[in-house]
Structures are given as C-alpha cells and as structure tokens.
Amino acid sequence: MSIPTLISIIAPAYNEEATLPEFVKRTASVFDEMSDYDCEIVLVNDGSRDSTLEVIRTLKQQYPMITVVNLSRNFGKEIAMTAGLAEADENADALVIIDTDLQDPPELIPVLVEKWRSGFDMVYGKRASRDGESSLKKSTAAAFYMLMKNVGSTPIPRDVGDFRLISRRVADALLMLPEKHRFMKGLFAWVGFPQAEVLYDRDARFSGATKWNYWKLWNFAIDGFTSFTIAPLKIASYMGFITALSAFVYGLFVLFKALIWGDSVQGFPTIMLTMLFLGGVQLLVLGVIGEYLGRAFNEVKQRPLYLIESIDRAERDVSADESG
735 MSIPTLISII
745 APAYNEEATL
755 PEFVKRTASV
765 FDEMSDYDCE
775 IVLVNDGSRD
785 STLEVIRTLK
795 QQYPMITVVN
805 LSRNFGKEIA
815 MTAGLAEADE
825 NADALVIIDT
835 DLQDPPELIP
845 VLVEKWRSGF
855 DMVYGKRASR
865 DGESSLKKST
875 AAAFYMLMKN
885 VGSTPIPRDV
895 GDFRLISRRV
905 ADALLMLPEK
915 HRFMKGLFAW
925 VGFPQAEVLY
935 DRDARFSGAT
945 KWNYWKLWNF
955 AIDGFTSFTI
965 APLKIASYMG
975 FITALSAFVY
985 GLFVLFKALI
995 WGDSVQGFPT
1005 IMLTMLFLGG
1015 VQLLVLGVIG
1025 EYLGRAFNEV
1035 KQRPLYLIES
1045 IDRAERDVSA
1055 DESG
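This is how it looks when you write it as structure tokens:
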C-alpha cells in the first residue's frame, strides 16, 4: 500500500468562536472530496479572549484530524502562522494557510492542490474581488502594494493575502528565517521557488467583525516597509541633505543681504518658521531611525517567537501509512 500525500491546513484563530464550527465543517467536507489525500487541520489559538479554545477542543472530539495548538498568549497573526507551520505534521507534503473567518473559501483548496501537483512550490490565491471591505480599505491596500512594488527589494504580488499552498521545502525555508518581525507576505515572496496564482472572489466575513482596524493596518504596513526595504532611511538621508543645503543657501542670502542693504531687527516670523521646519525634519528623521533601531533591538534579544501552552495532536490512521 502506497503512502498517501498528507495535506496540512494551517488556520490561526483569534476570537473566532462564531466562525470556527462552520469553517471546520466546510473544510472537512472538502477533505471528503479529496479521498486520495490524508489531511489534518492545525488550529492555532492565538491567545483568544472568548471561548475560541473551548470551541476548538469541542470540534476536535468530532473531527479527530484537528491538531490544537494553544499559544500562551496573543502573539499576532504572523507569529501564529509560523507556529502552525512549525507544529504541523513533519511528514506533510504540502501546507495550506487560510483564515478561519471564511473570507477565503476552503472549497478552493483542491484547486490549489491540483496546481501544486503540476509542479509549483507555492500557489497563492489572488483576489479578483473583495466583498465586505470599504472603499477606503481597498484604496489604501492598493497604495500599499504599489509602494512596496516601487520601493521594496522584494516584489509582493498585488491583491494577495496569506491564503496559499506551499510545498514542504518552502515551509522548511520559511522556518529557517529567524527574524522576530515576521511580515509573512514579504517572506513568502522572498523565499522564491516556482509560484503560481489562482484567481478567486473573496467573500465577506461569515460572522463578527474584522480584528484589523486602521491603526493595526498602519503598523502592519510599517512592519512591511521596514522588513523589506531601507528606503525610508535613504529618504531621511536625502531630506537631511536637501534641508542642510537649503539652510546653507538661505544663510548666504541673509549674509549678502546684510552686507549690501543692511538689516534691521526684523524677520522674527521667518526665524520661527525656519526653526520649526528644521526641528520637524530632525524629529521625522529620528523617528525613522528609531523604527529601525527598535526592530534591531528586538532581534538581538533572541527571544523565542512564541510559547505554547498545550498541543493536542491530530489522530491519524497510521495503518494508511504502512506500505505493503
């Protein structure tokens, strides 16, 4: 008997008690259609404050293929995804990353698997439409992808989130990367390997509200910029040079004006505006430097990415793994 291909579904969950039963139900239905594959669902509880963990444990009683990874606290989605990749079955041939809010349809998983079978190491879902999102969020997302494309060192596909399938070697490559500020969209692009896209329509949330407000999205964008480009530092250097050059030219102008026409005690508004402008530029530059310095500070501490409170592994049919 040949060993079946194992597919691991990685699904971080933070306060998703209302969506998890439907998510697992639909994903299990997909597994029923993929009878040629062995499948597991790795649900990562990222320090949820509601009854998410209790719901996951109840679901595991009904669906033994679930692995429950309970983190010691909330570490954020990027770290939760990493924990799921690390704690998935080491024999998994491919791993699918998907949110539990059902905006990304589990029914698309067989399409990703089929594309992977054709020779691609990474197959990502590209959003043809984005239901349930405001015009402001769509426009800011488009601006982010455009900016990353123009200033980033690693091109990130536009309208592509975390929903994707990756091969075992891609997962191993991602787990080799040690950085603490894990901007996963950038890391997925950085590791390379043959990649393909699958277009799909992204649905609105099945239940509840998004955890990503604009403040979190802003900080997330900063993480993306600082993780994959030093362009802000270069811009700060250019601003400093241009400001210093402008101040030098203006100083020469004031000097010659005083020598030729003389100067009374006037120009207080000009002095104040100049001081405020120079002070603002200096604070801006220091802020940019501080962002990078803070990230370097977090990296050198070498703390673990996450801590696990408990793990309850999936129950697999070991007889299916035996070759006759």
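Each number in this note's numbering corresponds to the 1-based position in the sequence shown with 734 added.
Think of the CB as a built atom: it goes at the ideal place given N, C-alpha and C, for glycine as much as any other residue.
Just so we're clear, the structure is a prediction, and the values are computed from it rather than from any experiment.
>> Short of 7 Å in beta carbon distance, which residues of its chain neighbour glycine 853, apart from the five on each side in sequence? Order them along the chain.
In response: Against the sequence shown, residue 853 aligns to sequence position 119. These residues qualify, in order along the chain: Pro928.
>> I need the boundaries of the beta strand (DSSP E) containing valine 776, first residue and last residue.
In response: By 1-based counting over the sequence shown, the position of residue 776 is 42. That run of the beta strand (DSSP E) goes 771-779.
>> Could you pull the DSSP bridge partners for threonine 816 from this structure?
In response: Locating residue 816 in the sequence shown gives position 82, where the first residue counts as 1. Answer is none; threonine 816 lacks a bridge partner.
> Straight-line CA distance for serine 782 to glutamate 788?
Replying inline: What you label residue 782 is simply residue 48 of the sequence shown in a count that begins at 1. What you label residue 788 is simply residue 54 of the sequence shown in a count that begins at 1. For serine 782 and glutamate 788, the distance between alpha carbons rounds to 10 Å.
> Do leucine 829 and leucine 793 have their C-beta atoms closer together than 8 Å?
Replying inline: Looking up residue 829 in the sequence shown gives position 95. Looking up residue 793 in the sequence shown gives position 59. Contact flag unset, no.
> Where in the segment 827-869 do unbroken runs of the alpha helix (DSSP H), each at least 4 residues long, occur, reported from the N-terminal end onward?
Replying inline: As far as the segment 827-869 is concerned, its whole alpha helix (DSSP H) runs of at least 4 residues are 843-851.
> Should the segment 824-842 be regarded as contacting the segment 789-809, the criterion being three or more beta carbon pairs within less than 8 Å?
Replying inline: no
> In this structure, what does DSSP give as the bridge partners for glutamine 929?
Replying inline: As a first step, residue 929 must be located in the sequence shown, where it is residue number 195. Beta-bridge pairing links glutamine 929 to Met856.
>> The alpha helix (DSSP H) that contains aspartate 1046, what's its start and end?
In response: Taking the sequence shown and counting its residues from 1, one reaches residue 1046 at position 312. For aspartate 1046, there is no enclosing alpha helix (DSSP H); the enclosing beta strand (DSSP E) covers residues 1042-1046.
> Among Glu1049, Ser785, Met768, Ile790, which one has its Cα closest to the Cα of alanine 745?
Replying inline: In the sequence shown, counting from the first residue as 1, residue 745 sits at position 11. Alanine 745 has its Cα closest to that of Ile790, out of Glu1049, Ser785, Met768, Ile790.
> Looking at the structure shown, is leucine 1074 part of a helix, part of a strand, or coil, going by DSSP?
Replying inline: No information on residue 1074 is available, as it lies outside the stretch 735 to 1058 that the chain covers here.
> Can you tell me the Cα-Cα spacing of valine 845 and isoleucine 969, whole angstroms?
Replying inline: For this step, residue 845 is matched to residue 111 along the sequence shown. For this step, residue 969 is matched to residue 235 along the sequence shown. Going from the Cα of valine 845 to the Cα of isoleucine 969 covers about 43 Å.
> What is the rounded straight-line gap between the Cα of glutamate 812 and the Cα of valine 1015?
Replying inline: Locating residue 812 in the sequence shown gives position 78, counting from the first residue. Locating residue 1015 in the sequence shown gives position 281, counting from the first residue. If I take the Cα positions, the gap works out to 33 Å.
> Per DSSP, what kind of secondary structure is aspartate 784 in: helix, strand or coil?
Replying inline: Along the sequence shown, one-based indexing puts residue 784 at 50. The three-state secondary structure of aspartate 784, taken from DSSP, is coil.
> Roughly how many angstroms lie between the CA atoms of isoleucine 1045 and phenylalanine 897, to the nearest whole one?
Replying inline: Position 311 of the sequence shown, counted from the first residue, corresponds to residue 1045. Position 163 of the sequence shown, counted from the first residue, corresponds to residue 897. Taking the straight line from one Cα to the other gives about 24 Å.
> Do glutamate 774 and threonine 739 have their CB atoms nearer than 8 Å?
Replying inline: What you label residue 774 is simply residue 40 of the sequence shown in a count that begins at 1. What you label residue 739 is simply residue 5 of the sequence shown in a count that begins at 1. No, these two residues do not count as a Cβ contact at 8 Å.
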